[in-house]
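Number of protein chains: 2
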Amino acid sequence: MNPRSVAVIGASQRADALPNREPRGNRVIRNLKNFGYPGRIVAVNPKYREVMDCPCYPDLAAIPEPVDCVVLAVPNRSVPDLLESAADAGARAAVVFAAGFAETGPEGKARQARLETLSRERGFLICGPNCYGVLNVFGKAPLFASAIPAGFLPGPVALVSQSGGLSTTIANALMLNRHVGLSHIVSCGNQAGASFEEYFNYFVDDENTRVIAAFVEGFKQPERLLSVARKAVEHEKPLIILKGGRSEVSKRAAATHSGSLAGAAEVVDAAFRQGGIVSVRNLNELIDAVSVFSCEKFSKLYRGGRRIGVLSGSGGECTLVSDAAANAGLEVPELTEKTKAQLQQAVADFGNMNNPLDGTGAMYDDPNIFPRLLQALIDDSNIDLVTVNLEANDPRPKELKSGNRFAVVIEKAATTSTKPITCFSSVVGGPVDPEILLPLRTAGVPLMEGAECATATIQKLAEYYEFKKNCSKQITTPTIERLDKKLSSGIMPAESAFQLFEQFGIPAAPSAFARSADEAAVAAERIGFPVALKIESAQITHKSDIGGVALGLANGNDVRAAYERIRNDVSRHAPTAKIGGVIVQRMASEGVEVILGIKRDPLFGPVVLCGFGGILVELLKDIVIGIPPLSLEQAHDMLARLRGFPILSGLRGKPAADIDALYHAIVSVSHLAVSLGDQLAGLDINPLIVLPRGQGVVAVDAVVEIR
Amino acid sequence: MNPRSVAVIGASQRADALPNREPRGNRVIRNLKNFGYPGRIVAVNPKYREVMDCPCYPDLAAIPEPVDCVVLAVPNRSVPDLLESAADAGARAAVVFAAGFAETGPEGKARQARLETLSRERGFLICGPNCYGVLNVFGKAPLFASAIPAGFLPGPVALVSQSGGLSTTIANALMLNRHVGLSHIVSCGNQAGASFEEYFNYFVDDENTRVIAAFVEGFKQPERLLSVARKAVEHEKPLIILKGGRSEVSKRAAATHSGSLAGAAEVVDAAFRQGGIVSVRNLNELIDAVSVFSCEKFSKLYRGGRRIGVLSGSGGECTLVSDAAANAGLEVPELTEKTKAQLQQAVADFGNMNNPLDGTGAMYDDPNIFPRLLQALIDDSNIDLVTVNLEANDPRPKELKSGNRFAVVIEKAATTSTKPITCFSSVVGGPVDPEILLPLRTAGVPLMEGAECATATIQKLAEYYEFKKNCSKQITTPTIERLDKKLSSGIMPAESAFQLFEQFGIPAAPSAFARSADEAAVAAERIGFPVALKIESAQITHKSDIGGVALGLANGNDVRAAYERIRNDVSRHAPTAKIGGVIVQRMASEGVEVILGIKRDPLFGPVVLCGFGGILVELLKDIVIGIPPLSLEQAHDMLARLRGFPILSGLRGKPAADIDALYHAIVSVSHLAVSLGDQLAGLDINPLIVLPRGQGVVAVDAVVEIR
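Those sequence lines, one after another, are chains W and Y. Using our numbering, the first residue of the first sequence is number 222, and each one after it goes up by one. Using our numbering, the first residue of the second sequence is number 222, and each one after it goes up by one.
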């Protein structure tokens, strides 16, 4: 990030092309010079002795003093050799612009493997390949392949983008449409060397950075993500991520763009939630979230809460922003009686005293009205945050706009306000007036565009604040011993599975294995009636389809008869299945049936899933996910997100279920996942019956698969 | 809309204020003059003999010739009297700007009632109150309260907005950010006279209008909406509506803004879907939808289909737009082998041939690449519509932008293309470059901002096209006779309810009413075992909770015993309930349980609901709605939107259910709703059992409530 000297390979003297057509190497040198890079710049090109007034050498070995960082603006074929010789020559880091690595065919993948080896084995830092490079703003080191406009705005935001093109798109929108400055831009491409997780870690420690923003297609070290995110929360540096690659088509696009493995979208969501990562859904949400989270004065005033007070000069916008707030999960509370009374006095004959507060045409006609309405919202004790509908991007000629005079009022109110204030426009788009934007931002009033983006951003702000507050509770780090023993692969016998559950404190229905009708009857006596019998065979998964199950057996004779019936039916329907015997199991009492399981995500490894039983519910996809290990609080947050959650608290005369026991079961299953680690292919407790409060949970049927 | 003469009441000679502070009456006169209004303008004000060079009279009666239209820029108190005298003086129409009517207290409501009476009884046309008025662009008649900028762009879009403020916000964004021209702007406010439905009807007939766009808080004549929408579809004029007032808070806001009753959001969605109304979720979707639907050359090329081909110079955007397309329900198909082969030839050494097609840095460096990639997408037979990611709103200085040269290529390709082309930017916001926007629009390439808005808009386009195609099938107008007989109010006895069902062709389980144990046993013999008994009492709604139900009775003795048990249990638990006897009902076979019912919406009246049974499913809100009467095709479309729909086609070895019979039941229930009309308070068949294919449906339990 902070090289004392840079060697640019791939600059040439034919720099006569258009600015956006010049060779990338030359563009880097131009960027370095324009930015006032304080270190030494050399070029490498056998054809010249100097390029753009920098000394030029035929190869890396010929450079008299070792260089810190090498910038490779050369075709992909020459990259691996050059990097190895750079490392030999004492360089510590490199930026590689070229594409044609893991995102393409086998040749490219082999090329990237050489870079990864170099990075892993010799600690050589690589940014890229397939990227625009690194721009360290305060270090004045733009090792960056794209032209950088004059008047670049320094500031507290570090931006890391897998895509080079989007890195500049996002940066320009932040600087020019939001007046948000940057500390770094990193376009990390294929992450052959440094990964997102490493950049995040670096920026959490970087003193010039207060907010980290990222566009991510795939993570390379997902196992490090949650600990880096935790560190970011502890350092109070919001980590705001736009994650692409959610759908199948976009996973294909991500793979061919940066060779990234995207993982399941729901798992990524769960990880972000558990890590306190601010997750945004599109570029505009990213820009508005960064605008708000990075506004220093604003952040200091915000004390949490999702009760917004809205002021607008358009009744229609009052309706729209109310809809948007409801969608986002914000409250738009009624004003206090005190406020209403004060307003009545201050603006006599003024209509409704609602929230959203509609200033109506009166606010345009009488200059005294708007300041009073604004102050009323600031002073109202029902409100955590004031947001003003302000057309800062009105595309009309100046003389027809009224935004500027309202902006002056807001700016003035902000100087004394102890409550945070934001502004938002109705439409997203059009030129944002710098005469509105700059003074407001300086006064601690960040600007957003569109009611939907604005309410979504405020909701994320509230959520982040709550996460930070609960952080010490949320994050528990239990010591979970890894299982040393190698388990035999395949479906685990039911008996062993139930033993495993017992070991981790997951209650299972009392059960025993029996090899004959008599053994089954004896076991049933011991366990207690009524019981169920289930055929036990690794070859049979849908037991009841072939007559392999008998339920509600009330006595020994019934058990014996059922045993014979099952053996007959199963050997008729599945003559080749190897049958050891049956499981005798105590019938569980009535309760709410849930599914609790573990699945392997290609990116995050084993994840815990929980949802309700039944085909219909499966179709409706009411499933929640957690990344193990999970704490009780995290299990709590998970379950609360089930849309069917109210059923657990007892509806229509049904008793409330033992939710606490379910939380514990989720935690236990998550510990089991950690303990078994890579050995576990999957686990499915279906159903786990949640009994009435005080009676616990009981696993009735379970499949555990070992790799 | 087209008055030959206008009288403005409320203009004055003190017109020295700032442009946005001048009296509204003066602003109207200024607008009329600036627009070159060809008719006669007079002012009414007892203080002056002329205002702004127009003759001024002390009152309406003093005007020598009758005027067509009166514009009232006066306080609300004087409005009713003035309107009545205007009608007396022979005026046919009026525009009322003032607020303070139905959106405020009882006084305002009374004022509005006088306007409504005038409109209803004397056919006097009123726009407003609480509005900005009407701007007829081609008629050069801006009876409009807001200042109109020079260079107003005439075009094919009629805009109707309940909110005055949003009417200008939307219009300006359309004209300045999308180069879309307008035929009319109507701000209709409280709709005391003309309603949305009437404006829509007018614009469907208007020859200058090809697209109708609206921001609606509440409908006043919802019963006319579907027929007007049908007429719009028949005339091929897309009706694009942004409906506010979905949430509780926003309903409150809408009520205080325009005195509108909003109705349930889900019912409005259903009505829009049935009417082929293009429903948008926010202002930006409205703007982009209008931009695309109104682009004439583009519309002619589009032949339906949701397979898009995307071209971008940013791999990151390829990922994001793929996610957005998947969310919106668009396909991003793979390119044909032919296209891939041609591309391989045309752009040698160029990487992946995917869709989205990533032009990579190469497309910026080599001017030959972009045109070839674009043409490849245009020629590909897997693709219905090409959309190009183009940064038309890049906020950077001109010399750093590359959008302009790509725009030239797109414009050229569009002149020969037989496939529709659109463009979209990555970020929403920033100044849209007119040098890109105008030529593209002229060439039939509409511009959108942001992948989400773009994909949502294209999806709506495809949906509208499909609706139009199926329109003749979709829209059946059965003659349903209204029931003349007045039914007695309250819960209908089960026997009568089942008779009613029979009358409308809704199969019910065979059942009979019995007053004694013996009668019940005889009835059961006749009906056939097994049967169920259910207590019959208007006072008891949850029968099974108090022991009022017995199921699966296999013979006469069981029936007799159950009868006595039920009588005892019920009289113990509900000693005051009036009990007539029991319903004996044949037990239905197994099938999929659905709920089919009718509820009254405050706006649309009776609506049909259908969903699956069970508490959990209710929590997950998997319910679909239709506005009666419904055709079989509409019932089909309704059910297909149930997320749990696959369960009806048979999952996990279960037999497929008789979906056709369910469609028929939905149609029958919708006819019942129309026939009973206002008499019906609600109807709830719960459950209706959908038997295996070929066996029909059967209503098991039903509550019918008469008003």
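No residue lacks a Cβ here, since even glycine has one placed at the ideal position from N, Cα and C.
Per-residue DSSP class, three states only, for residue i
| i | result |
| --- | --- |
| Y:M273 | coil |
| W:D879 | coil |
| W:M669 | strand |
| W:A471 | A quick correction: the sequence has Ser, not Ala, at residue 471 of chain W. The answer is helix: DSSP assigns W:S471 an H, G or I state. |
| Y:V288 | coil |
| Y:A232 | coil |
| Y:P947 | Beyond the ends of chain Y as shown, which are 222 and 928, falls residue 947 of chain Y; an answer cannot be given. |
| W:G526 | coil |
| W:Q806 | strand |
| W:D766 | helix |
| W:A264 | strand |
Closest Cα partner of residue i within the set the options
| i | options | result |
| --- | --- | --- |
| W:H892 | W:E702, W:G826, W:V770 and W:I712 | W:E702 |
| Y:R235 | Y:V791, Y:S226 and Y:E271 | Y:E271 |
| W:D579 | Y:G818, Y:S471 and Y:L860 | Y:S471 |
| W:G777 | W:G768, W:V770 and W:I748 | W:I748 |
| W:S367 | Y:R524, Y:G582 and Y:V770 | Y:G582 |
| Y:D881 | Y:F750, Y:I848, Y:A567 and Y:G915 | Y:G915 |
| W:V355 | W:N252, W:P296 and W:P287 | W:N252 |
| W:P285 | W:S512, W:G311, W:G917 and W:G402 | W:G311 |
| Y:P267 | Y:V925, Y:S233, Y:R298 and Y:L721 | Y:S233 |
| Y:C290 | Y:S647, Y:C275, Y:G260 and Y:Q596 | Y:G260 |
| W:G349 | W:R341, W:V316 and W:P370 | W:V316 |
Within chain W, partners of residue i - CB distance below 9 Å
| i | result |
| --- | --- |
| Y:A546 | S468, V470 and S471 |
| Y:N603 | Result: empty, since nearest Cβ-Cβ is about 13 Å, beyond 9 Å. |
C-alpha gap between residue i and residue j, whole angstroms
| i | j | result |
| --- | --- | --- |
| Y:L281 | W:Q563 | 41 Å |
| Y:G550 | Y:D490 | 17 Å |
| Y:V607 | Y:V919 | 49 Å |
| Y:Q412 | W:E517 | 46 Å |
| Y:S226 | Y:P301 | 21 Å |
| Y:C277 | Y:T338 | 29 Å |
| W:P827 | W:M859 | 16 Å |
| W:Q565 | Y:H478 | 18 Å |
| W:A308 | W:P363 | 21 Å |
| W:D654 | W:A613 | 6 Å |
Neighbour list for residue i in chain Y, Cβ cutoff strictly below 9 Å
| i | result |
| --- | --- |
| W:I868 | I836, L837 and L840 |
| W:S479 | G536, G537 and T540 |
| W:T676 | Here the premise fails: no neighbours, minimum Cβ distance about 11 Å. |
Beta-carbon neighbours of residue i, restricted to chain Y and to distances below 8 Å
| i | result |
| --- | --- |
| W:Q565 | What W:Q565 touches in chain Y: nothing, since even the nearest Cβ is about 13 Å away. |
| W:F436 | G537 |
| W:A394 | P616, V648, G650 and G651 |
Beta-carbon neighbours of residue i, restricted to chain W and to distances below 7 Å
| i | result |
| --- | --- |
| Y:N398 | P616, G650 and G651 |
| Y:A216 | The first residue shown for chain Y is 222 and the last is 928, placing residue 216 of chain Y beyond what the model contains. |
| Y:G865 | L837, L840 and L841 |
| Y:V553 | V470 |
Amino acids of chain Y, ordered along the chain, whose beta-carbon sits closer than 7 Å to that of residue i
| i | result |
| --- | --- |
| W:S384 | S535, G536 and G537 |
Runs of alpha helix (DSSP H) wholly within the segment 616–673 of chain Y (minimum 4 residues, chain order): Those alpha helix (DSSP H) runs which fall completely within the segment 616–673 of chain Y and span 4+ residues are 624–637 and 655–663.
Start-end ranges of the alpha helix (DSSP H) lying completely within the segment 295–375 of chain W, minimum 4 residues: The segment 295–375 of chain W is shown to contain whole alpha helix (DSSP H) runs of 4 or more residues at 300–309 and 327–343, in chain order.
Residue ranges of each beta strand (DSSP E) within the segment 430–514 of chain W, 3 or longer: Whole beta strand (DSSP E) segments, 3+ residues: 432–437, 460–464 and 499–501.
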